[in-house]
Amino acid sequence: MGWFLWPYRAIATLVAGLSYLQSILAGQFLSGTYSSLLGHQNNAAIIDMLLILGIAVALPIPLWGRRAWWPVVFAAGLLGMTTVQNQLGFARILTVHIPLGVAIVMAATGVAIWAWRASPKADG
C-alpha cells in the first residue's frame, strides 16, 4: 500500500514549496519589483495544475489503499481556495487576497506534513 502515498507526497511537497515561493514573489512585488507579478501569476497557475493532478493521485489512497478520503477532499479544497485566490488577485482585492494566501500556505504545509507522516496502515 505504501506506493499509493508517494505520488501524493511529491505533489503535496511541490504545492507547499511553490506556495512559499508565492509569498516571496508577492513580497517582491509589494516592495517595488513589479516584474515579480508575472512570476506570481505563473506560479499560481502551476500550483493549480499540480492541485488538479493532486486530486487524481489522491484517489488511490482511499480507493485502493483503504485509507481516509480527506486527502482527496483537501486537494479539492485547496484547489477551490486557489481558484478564489486567483479571482481576488486579478480583481486586486488584497484585503482578502493576502490573508487567504496565508491560509493556503498553512493548509498546503499541513497537507505536506501529513503526507510524509502517514503510515501504510489505514487511518480511518
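Okay, so the sequence shown: first residue is 85 according to the numbering used here, each after it adds one.
We put the CB at the ideal spot given by N, CA and C, even for glycine.
Just so we're clear, the structure is a prediction, and the values are computed from it rather than from any experiment.
Of the candidates Y104, A191, A196, A196 places its Cα closest to the Cα of I95. Here DSSP, grouped into helix, strand and coil, assigns S203 to coil. In the same chain as V99, and ignoring 5 residues on each side of it, the C-beta atoms closer than 8 angstroms to its own belong to I131, L134, L135, G138, L162, A192, V195, A196, in chain order. Going by DSSP, R150 is part of no alpha helix (DSSP H) at all; its letter is neither H nor E.
One alpha carbon belongs to L109, the other to L147, and they sit about 37 angstroms apart. In the structure shown, the three-state DSSP call for R176 is coil. Excluding its 5 nearest sequence neighbours in each direction, T166 has C-beta neighbours in its own chain below 8 angstroms: A128, I131, D132, L135, I188, listed in chain order. Spanning the alpha carbons of I177 and S115 requires a straight line of approximately 18 angstroms. In the same chain as F113, and ignoring 5 residues on each side of it, the C-beta atoms closer than 8 angstroms to its own belong to S120, L121, H124, in chain order.
Secondary structure at Y92: helix, using DSSP grouped into helix, strand and coil.
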